[in-house]
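Trainee: After the C-alpha coordinates below, expect a handful of questions from me.
Numbering (my numbering), first residue to last: 688 to 826.
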(Lines of atoms letter the chains of each structure in order from A and count residues from 1; the text may use other names and numbers.)
(Lines give C-alpha, C1' and ligand atoms only; values in the text may rest on other atoms or scores of the structure.)
Protein backbone atom coordinates (compact mmCIF):
# COMPACT_ATOMS: atom_id res chain seq x y z
CA UNK A 1 0.00 0.00 0.00
CA UNK A 2 1.15 3.53 -0.75
CA UNK A 3 -0.09 6.74 0.89
CA UNK A 4 0.28 10.13 -0.81
CA UNK A 5 -0.84 13.71 -0.11
CA UNK A 6 -3.65 14.90 -2.40
CA UNK A 7 -4.14 18.66 -2.80
CA UNK A 8 -7.20 20.55 -4.03
CA UNK A 9 -7.03 23.94 -5.73
CA UNK A 10 -9.56 26.49 -6.95
CA UNK A 11 -8.47 26.64 -10.59
CA UNK A 12 -4.70 26.79 -10.03
CA UNK A 13 -3.75 23.07 -9.81
CA UNK A 14 -1.82 23.03 -13.09
CA UNK A 15 0.10 26.19 -12.24
CA UNK A 16 0.88 24.97 -8.70
CA UNK A 17 2.02 21.52 -9.82
CA UNK A 18 4.26 23.00 -12.54
CA UNK A 19 5.76 25.22 -9.84
CA UNK A 20 6.33 22.25 -7.49
CA UNK A 21 7.88 20.26 -10.35
CA UNK A 22 10.27 23.11 -11.17
CA UNK A 23 11.60 22.99 -7.61
CA UNK A 24 11.25 19.33 -6.58
CA UNK A 25 11.86 17.70 -9.96
CA UNK A 26 10.07 14.54 -11.02
CA UNK A 27 7.68 13.73 -13.84
CA UNK A 28 3.93 13.90 -14.32
CA UNK A 29 2.47 10.41 -14.49
CA UNK A 30 -0.11 9.99 -17.23
CA UNK A 31 -0.16 13.66 -18.16
CA UNK A 32 -2.82 16.06 -16.91
CA UNK A 33 -6.52 15.11 -16.98
CA UNK A 34 -9.04 17.93 -17.29
CA UNK A 35 -12.72 18.04 -16.31
CA UNK A 36 -13.58 18.79 -19.94
CA UNK A 37 -12.39 15.27 -20.85
CA UNK A 38 -15.09 13.50 -18.78
CA UNK A 39 -17.32 11.57 -21.22
CA UNK A 40 -20.86 12.96 -21.40
CA UNK A 41 -20.32 15.60 -18.71
CA UNK A 42 -21.93 18.99 -19.28
CA UNK A 43 -19.79 21.70 -17.68
CA UNK A 44 -19.56 25.47 -17.96
CA UNK A 45 -16.85 26.42 -20.45
CA UNK A 46 -14.65 27.99 -17.74
CA UNK A 47 -14.52 24.68 -15.81
CA UNK A 48 -13.50 22.45 -18.72
CA UNK A 49 -9.86 23.53 -18.39
CA UNK A 50 -9.74 22.83 -14.65
CA UNK A 51 -7.58 19.88 -13.62
CA UNK A 52 -9.47 16.68 -12.74
CA UNK A 53 -6.26 14.86 -11.77
CA UNK A 54 -2.49 15.31 -11.89
CA UNK A 55 0.22 13.22 -10.24
CA UNK A 56 3.81 14.39 -9.80
CA UNK A 57 6.12 11.43 -9.19
CA UNK A 58 9.20 12.76 -7.44
CA UNK A 59 10.74 9.36 -6.61
CA UNK A 60 9.66 5.72 -6.32
CA UNK A 61 8.18 6.43 -2.89
CA UNK A 62 7.12 10.09 -3.15
CA UNK A 63 4.21 11.55 -5.14
CA UNK A 64 2.09 14.65 -4.84
CA UNK A 65 -1.34 14.44 -6.47
CA UNK A 66 -3.82 17.23 -7.05
CA UNK A 67 -7.01 18.47 -8.69
CA UNK A 68 -9.08 21.61 -9.00
CA UNK A 69 -12.55 22.00 -7.56
CA UNK A 70 -15.52 22.04 -9.95
CA UNK A 71 -18.10 24.55 -8.67
CA UNK A 72 -20.85 23.30 -11.00
CA UNK A 73 -20.45 19.81 -9.47
CA UNK A 74 -20.95 21.29 -6.00
CA UNK A 75 -17.27 21.44 -5.04
CA UNK A 76 -16.40 24.39 -2.84
CA UNK A 77 -12.78 25.21 -2.06
CA UNK A 78 -12.44 26.36 1.51
CA UNK A 79 -9.11 26.79 3.21
CA UNK A 80 -8.85 23.62 5.25
CA UNK A 81 -10.53 21.21 2.80
CA UNK A 82 -7.74 21.35 0.26
CA UNK A 83 -5.81 18.33 1.55
CA UNK A 84 -6.66 14.64 1.30
CA UNK A 85 -4.77 11.49 2.13
CA UNK A 86 -4.78 9.21 -0.89
CA UNK A 87 -4.37 5.46 -0.44
CA UNK A 88 -3.40 3.33 -3.42
CA UNK A 89 -4.61 -0.12 -2.35
CA UNK A 90 -2.91 -3.42 -3.22
CA UNK A 91 -6.18 -5.03 -4.40
CA UNK A 92 -9.79 -4.11 -5.19
CA UNK A 93 -10.91 -6.00 -2.08
CA UNK A 94 -8.35 -4.28 0.15
CA UNK A 95 -9.48 -0.91 -1.21
CA UNK A 96 -13.10 -1.80 -0.51
CA UNK A 97 -12.24 -2.86 3.07
CA UNK A 98 -10.21 0.29 3.74
CA UNK A 99 -12.95 2.50 2.24
CA UNK A 100 -15.73 0.90 4.32
CA UNK A 101 -13.77 0.96 7.57
CA UNK A 102 -12.33 4.48 7.35
CA UNK A 103 -15.57 6.05 6.05
CA UNK A 104 -17.75 4.54 8.83
CA UNK A 105 -19.45 7.41 10.63
CA UNK A 106 -18.14 9.92 8.09
CA UNK A 107 -19.49 11.61 4.96
CA UNK A 108 -19.07 9.80 1.63
CA UNK A 109 -18.38 12.08 -1.33
CA UNK A 110 -18.07 9.34 -3.97
CA UNK A 111 -18.76 5.65 -3.39
CA UNK A 112 -15.92 3.20 -4.00
CA UNK A 113 -16.72 2.12 -7.56
CA UNK A 114 -15.28 1.32 -10.97
CA UNK A 115 -14.40 4.51 -12.88
CA UNK A 116 -13.96 5.46 -16.52
CA UNK A 117 -10.21 5.98 -15.96
CA UNK A 118 -9.54 2.32 -15.20
CA UNK A 119 -9.59 2.15 -11.42
CA UNK A 120 -11.81 1.58 -8.44
CA UNK A 121 -12.03 4.87 -6.56
CA UNK A 122 -13.94 6.50 -3.74
CA UNK A 123 -13.58 9.58 -1.53
CA UNK A 124 -14.95 10.62 1.81
CA UNK A 125 -14.47 12.70 4.93
CA UNK A 126 -13.94 10.50 7.97
CA UNK A 127 -15.73 10.98 11.30
CA UNK A 128 -12.88 13.25 12.41
CA UNK A 129 -13.18 15.58 9.38
CA UNK A 130 -10.13 14.25 7.49
CA UNK A 131 -10.43 13.81 3.71
CA UNK A 132 -9.47 10.45 2.22
CA UNK A 133 -9.32 8.96 -1.27
CA UNK A 134 -9.03 5.21 -1.87
CA UNK A 135 -7.86 4.02 -5.27
CA UNK A 136 -7.05 0.68 -6.85
CA UNK A 137 -5.66 0.80 -10.39
CA UNK A 138 -6.93 -2.03 -12.57
CA UNK A 139 -4.04 -3.98 -13.98
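From the three backbone atoms N, C-alpha and C, an ideal C-beta is built for every residue, glycine too.
Quick one: give me the first and last residue of the beta strand (DSSP E) that residue 794 is part of.
Mentor: 794-801
Trainee: Rounded to the nearest angstrom, how far is the Cβ of residue 759 from that of residue 730, given a contact under 8 Å?
Mentor: 6 Å
Trainee: I need the DSSP call for residue 791, collapsed to helix, strand or coil.
Mentor: Here residue 791 sits in coil by DSSP.
Trainee: If you check the beta carbons only, do residue 782 and residue 821 fall under 8 Å apart?
Mentor: yes
Trainee: Contact between the stretch 768-776 and the stretch 791-800 is defined here as three or more beta-carbon pairs at a separation below 8 Å; is this criterion met?
Mentor: Short answer: they don't touch.
Trainee: Among 761, 694, 698, whose alpha-carbon lies nearest the alpha-carbon of residue 721?
Mentor: 698
Trainee: Return the chain-ordered list of same chain residues with a C-beta closer than 6 Å to the C-beta of residue 708, the five sequence neighbours on each side being excluded.
Mentor: 743
Trainee: Going along the chain, which residues of its own chain have a beta-carbon closer than 7 Å to the beta-carbon of residue 786, five neighbours each way excluded?
Mentor: 799, 809, 821
Trainee: To the nearest angstrom, how far is the alpha carbon of residue 753 from that of residue 713?
Mentor: A straight-line Cα-Cα distance of about 15 Å links residue 753 and residue 713.
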